[in-house]
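Note that the numbering used here has the sequence shown beginning at 135, numbered continuously upward.
Input: a single structure, listed below in structure tokens.
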Amino acid sequence: MRYVAPRWLPGGQLQTIWPALYARRVHGSALPYRRERWTTPDADFVDVDYLDDGVPPDMQRPLLVVFHGLEGSSRSHYGEAFADVARERGWACALPHFRGCSGEINWAPRAYHSGDHEEIGWMLERLRGAHRGSVIAVGISLGGNALLRWAAEAGAQACRSVDAVAAVCSPLDLAAGGRAIGSGFNRQVYTRMFMRTLVPKALQKLVQHPGLFDREALLKARDLYAFDNVFTAPLHGFRNTEDYWRRASAKPLLRCIRIPALVLNARNDPFVPATSLPATGEVGSSVRLWQPLHGGHVGFAQGRMPGHVRAMPDLVAGWLLQHAVASPGFDIGLDGAQLAHG
């Protein structure tokens, strides 16, 4: 499997920023979503957006589940691109939001995190119970790490909820990813972008639950390491940032996955150092690694400027269905696939 970036979009930083801001996400009209609100086992809520394509919900067809990344949503560029793939192929598509990411702050004294495999498992179990066809799931960045953590924890039982999974540009070694995003250009651009939404939402949690964490310490946080130390780690059962990054990382558990799993990481991803990526000997036989030289962080733009971001979701979705149904007649030629220069 091979990805070749357009000549007009060189380097990992441009391949990350441009697709998110300017590339085309869908081939057709704007995507219609239908939202459901689910009550969680702890009496909180999550919002799930479904592709509203007019097909009766009891129709037997594949269901593509898309888990977003840090501070993402169903309207992130990758979410819309995957939903458009589902629409084009006639599949159902569900895009669950992690707590606090659907436009409304959640109620409980917790949010979401990179190792939130219990929440992933609960969502997938509920989706499987309401759907008659194959269920395939893709997680983007943080969502991909959490999805693989769930698949590893579930082991052979994972097949009860989902038929195949994929992780796209996920920081499987959270410490390595945290160091990368906390330094240099990344710190000035991406860290600031994430902190602009993470901090206000954390402060909203403090209004809901006075005394939940140290407000002054949070206001002094200038990077994700400090934010996680004050907020993410203690609210979700970790001692500190180091404990959270170590225990939530999926990389050490990739040998435990027993369902088909595709792990896609560009080797020029600014967030995920190539040296931190898993090697073939570090994963189980069910895991397929795809590590193209280019693509940036969830970029993979194709075509003439401004480009589009549909090519990667097409390949990933095709791989997922191929391995979910194990159909010898379904072949998209991934082993020889090449996305040529635009």
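Where is the CB? At the ideal position from N, CA and C, for every residue including glycine.
query = Pick from Ile254, Asp183, Asp307: whose alpha carbon is nearest that of Pro407?
reply = Here residue 407 is taken as the residue at index 273 of the sequence shown, counted from 1. Nearest option by C-alpha distance: Asp307.
key: For Pro305 and Ser383, the rounded distance between their alpha carbons   = What you label residue 383 is simply residue 249 of the sequence shown in a count that begins at 1. What you label residue 305 is simply residue 171 of the sequence shown in a count that begins at 1. Whole-angstrom Cα-Cα distance: 8 Å.
request  = Could you name the residues of the same chain whose beta carbon sits closer than 6 Å to that of Ala215, not counting the 5 residues immediately before and after it, in chain order?
outcome  = As a first step, residue 215 must be located in the sequence shown, where it is residue number 81. If we look at Ala215 and ignore the five residues flanking it on each side, its Cβ neighbours are Arg159, Val443, Arg444, Pro447.
task = Throw me the rounded Cβ distance for the Leu352 and Val333 pair, which I believe falls under 8 Å.
result = Stepping through the sequence shown from its first residue, residue 352 is reached at position 218. Stepping through the sequence shown from its first residue, residue 333 is reached at position 199. Indeed, because the Cβ distance is near 7 Å, the residues count as touching under 8 Å.
task = Report the three-state DSSP secondary structure of Ile151 (helix, strand or coil).
result = Residue 151 sits at position 17 when you count from the first residue of the sequence shown. In this structure, Ile151 counts as helix in the three-state DSSP scheme.
query = Within the 8 Å Cβ cut-off, does Val421 reach chain D?
reply = Any reference to chain D falls outside this structure, which holds one protein chain only.
ask   = Going by C-alpha distance, which of Val199, Ser208, Arg221 is nearest Gly255?
value = Here residue 255 refers to the residue found at position 121 of the sequence shown. Checking every option, the nearest Cα to that of Gly255 belongs to Val199.
message = Suppose contacts are defined by Cβ-Cβ distances below 8 Å. Is Arg401 in contact with Gln425 by that definition?
response = One-based indexing of the sequence shown puts residue 401 at position 267. One-based indexing of the sequence shown puts residue 425 at position 291. Contact flag set, yes.
Buried versus exposed, by CB contacts within 10 Å (16 or more), Val341 = Against the sequence shown, residue 341 aligns to sequence position 207. Result: exposed.
query = Can you tell which of Asp186, Glu376, Glu253 has the C-alpha that lies nearest to the C-alpha of Leu197?
reply = Counting from 1 along the sequence shown, the entry for residue 197 is found at position 63. Ranking Asp186, Glu376, Glu253 by Cα distance to Leu197 puts Asp186 first.
message = Just list the residues that DSSP pairs Ala301 with in beta bridges.
response = Counting from 1 along the sequence shown, the entry for residue 301 is found at position 167. Ala301 is bridged to Gly273, Val397.
ask   = How about Leu229 and Gly203: do their beta carbons lie closer than 8 Å?
value = If you number the sequence shown from 1, residue 229 lands on position 95. If you number the sequence shown from 1, residue 203 lands on position 69. Cβ distance not < 8 Å, so Leu229 and Gly203 don't count as in contact.
ask   = Which residues in the same chain have their Cβ closer than 6 Å to the Cβ of Arg283, if we skip the five residues on either side of it in sequence?
value = Counting from one through the sequence shown, the residue named residue 283 turns up at place 149. Here the set comprises Gly249, His251, Ala384.
Alpha carbon of Asp183 to alpha carbon of Leu398, nearest angstrom = The residue you call residue 183 lines up with position 49 of the sequence shown. The residue you call residue 398 lines up with position 264 of the sequence shown. Answer to the nearest angstrom: the Cα atoms are 24 Å apart.
inquiry  = In the DSSP output, which residue or residues are listed as bridge partners for Thr174?
reply    = On the sequence shown, residue 174 is found 40 positions in, with the first residue counted as 1. DSSP lists no partner for Thr174.
query = Apart from the five residues just before and just after Ala458, which ones in its own chain have a Cβ nearer than 6 Å to its Cβ?
reply = Looking up residue 458 in the sequence shown gives position 324. Here the set comprises Ser268, Ile270, Asp297, Ala298.
inquiry  = On the DSSP bridge list, what partners appear for Val182?
reply    = By one-based count along the sequence shown, residue 182 stands at place 48. Val182 is bridged to Glu170, Pro230.
inquiry  = In whole angstroms, give me the CA-to-CA distance for Ile274 and Gly206.
reply    = On the sequence shown, residue 274 is found 140 positions in, with the first residue counted as 1. On the sequence shown, residue 206 is found 72 positions in, with the first residue counted as 1. A direct Cα-to-Cα measurement between Ile274 and Gly206 gives close to 9 Å.
inquiry  = Please state the DSSP three-state secondary structure of Arg158.
reply    = Taking the first residue of the sequence shown as 1, we reach residue 158 at position 24. In the three-state reduction of the DSSP assignment, Arg158 falls in the strand class, which pools E and B.
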